[in-house]
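Visitor: Going down the list, the sequences are from chains W and V.
Using the working numbering, you'd call the opening residue of the first sequence number 1 and step up by one each time.
Using the working numbering, you'd call the opening residue of the second sequence number 1001 and step up by one each time.
2 protein chains.
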Amino acid sequence: MANQRLTIGELSKAAHVGAETVRYYERIGLMPRPARTAANYRLYSAEQLARLSFIRRSRELGFTLDRIKALLELAGDRARDCQAVDVIASDHLAEVERKIADLTALRRTLRDLIGQCRHGTIADCRIIEALSPVPA
Amino acid sequence: MANQRLTIGELSKAAHVGAETVRYYERIGLMPRPARTAANYRLYSAEQLARLSFIRRSRELGFTLDRIKALLELAGDRARDCQAVDVIASDHLAEVERKIADLTALRRTLRDLIGQCRHGTIADCRIIEALSPVPA
DNA sequence: CTTGACCCTGTAGTTGCCACAAGGTCTATA
DNA sequence: TATAGACCTTGTGGCAACTACAGGGTCAAG
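#1: Which runs of the alpha helix (DSSP H) at least 4 residues long sit entirely within the stretch 1047 to 1129 of chain V? Give them in chain order.
#2: Just confirm the distance between the C-beta atoms of residue 1075/V and residue 122/W, as a whole number of angstroms; I'd bet it's less than 8 Å.
#3: Consider the Cβ of residue 83/W: report whether some Cβ of chain V lies at a distance smaller than 8 Å.
#4: Give the single residue among 1025/V, 1117/V, 1090/V, 1039/V whose Cα lies nearest to the Cα of residue 116/W.
#5: List the residues of chain W whose Cβ lies closer than 9 Å to the Cβ of residue 1089/V, in chain order.
#6: Do the CB positions of residue 1049/V and residue 1015/V come within less than 8 Å of each other?
#7: Using a C-beta to C-beta distance shorter than 7 Å, which residues of chain V count as neighbours of residue 97/W?
#8: Which residues mark the beginning and the end of the alpha helix (DSSP H) in which residue 11/W is found?
#9: By the 10 Å Cβ neighbour count, where 16 or more other Cβ atoms means buried, how is residue 92/W classified, buried or exposed?
#10: State yes or no: is the C-beta of residue 96/W within less than 8 Å of the C-beta of residue 1110/V?
#11: What residue range is occupied by the uninterrupted alpha helix (DSSP H) comprising residue 19/W?
#12: Can you tell which of 5/W, 62/W, 66/W has its C-alpha closest to the C-alpha of residue 1107/V?
#13: Leaving out the 5 sequence neighbours to the left and right, which residues in its chain are closer than 6 Å to residue 1055/V when beta-carbon positions are compared?
#14: Any Cβ of chain V within less than 8 Å of the Cβ of residue 12/W?
#15: Does DSSP classify residue 43/W as helix, strand or coil?
#16: For residue 1036/V, tell me which candidate among 1131/V, 1127/V, 1006/V has the shortest Cα-Cα distance.
#17: CB-CB under 6 Å to residue 1059/V, same chain, minus the five flanking residues each way: which ones, in chain order?
#18: For residue 39/W, I'd like the list of residues in its chain whose CB is within less than 7 Å of its CB, leaving aside the five on either flank, ordered along the chain.
#19: Do you know whose CA, among 1025/V, 1072/V, 1085/V, 1023/V, lies nearest residue 119/W's CA?
#20: List, in chain order, every chain W residue whose beta-carbon is nearer than 7 Å to that of residue 1092/V.
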């Protein structure tokens, strides 16, 4: 009963990942090549569904496919020290924090700029002015 | 004296934009086709340098090339109401704010996850566990 | 036996560039 | 005058992570 095999469409629905995305994951080696029916249809196992779900969750957390590949390799090695996992996650967190900092600075600049808008003509628009270079 | 024309390399240095990027902007219609020397070298005017600098500043603020194109069109129309500029900038700000919100939620999740790490084996790694689907 | 929903492969588009390759040009120096 | 090296030209392909076809094959229901 654990042998229920899924077509790509069924897998796709179960994992909430587009079928074309699944094929893409296969092409880049993130998902294994599945079994095939006589008619060359892909057939997925429960384990492969679990793998795809893992990928989807990781993507939701913003991990890159490269890092997800690394996480999946680690996940298979149950006896191993989980420090490597920690490193990947911490690196990712650091990147998220950097992006937040960048975007926060950007938000400030944009708010200032928009706040200065006097709603007149382009000729005295502060936004355009801020973007325009000073004539040398 | 206002007639000083620049090669793509000179333009590139002056505006702090890669030469290949300038050619790319030309291809997509963001920069105009410049004059050419007898040897087919591109020659840029001061006005074109100003346009490229405008683009660079706008990119630094995270505007997409499409929006920059729109901003440049508006910027040329000095008598026009600057409301359209305000709309573009405000839309952009809204997107930045959305991204900050998304990333902030992500940061929280990642921090929680990493904080739960007990530094044992993969088998009881909270991070891997959180990513793994519950077996049905 | 046909309709419609599924599946297949392969290719091209998205965004904003960067990195070649293979050639032409220009300038300075030996 | 020859030549080295820095510049310029076009065209192509790559990056991330998909998405959207086109042009076919397959399968189950009515």
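Ideal placement from N, C-alpha and C gives every residue a C-beta, glycine not left out.
For clarity, every value in this text was computed on a predicted model and none was experimentally measured.
Guide: Based on what the coordinates show:
#1: Taking only runs of at least 4 residues, the alpha helix (DSSP H) segments lying wholly in the stretch 1047 to 1129 of chain V are 1065 to 1075, 1083 to 1115.
#2: Yes, they are in contact, since the Cβ atoms of residue 1075/V and residue 122/W sit about 6 Å apart, within 8 Å.
#3: Residue 83/W counts as touching chain V.
#4: Closest option to residue 116/W, judged by alpha-carbon separation, among 1025/V, 1117/V, 1090/V, 1039/V: 1090/V.
#5: Within 9 Å Cβ-Cβ: 110, 113, 114, 117, 127.
#6: Result yes, Cβ atoms of residue 1049/V and residue 1015/V sit closer than 8 Å.
#7: Per Cβ cutoff of 7 Å: 1107.
#8: That run of the alpha helix (DSSP H) goes 8 to 15.
#9: With 16 or more other Cβ atoms within 10 Å, it is buried.
#10: Going by C-beta atoms, residue 96/W is nearer than 8 Å to residue 1110/V.
#11: Element bounds for residue 19/W: 19 to 27.
#12: Ranked by how close their Cα comes to the Cα of residue 1107/V, the residues 5/W, 62/W, 66/W have 62/W in first place.
#13: The residues are 1068.
#14: By this cut-off, residue 12/W is not an interface position.
#15: DSSP places residue 43/W in the strand class (E or B) of the three-state scheme.
#16: Taking only the C-alpha atoms, the option nearest residue 1036/V is 1006/V.
#17: If the five residues before and after residue 1059/V are omitted, its C-beta is found closer than 6 Å to no C-beta atom of its own chain.
#18: Closer than 7 Å at the Cβ level, and outside the excluded window around residue 39/W, lies no residue.
#19: For residue 119/W, the closest alpha carbon among the candidates 1025/V, 1072/V, 1085/V, 1023/V is that of 1085/V.
#20: Chain W residues near residue 1092/V: 110.
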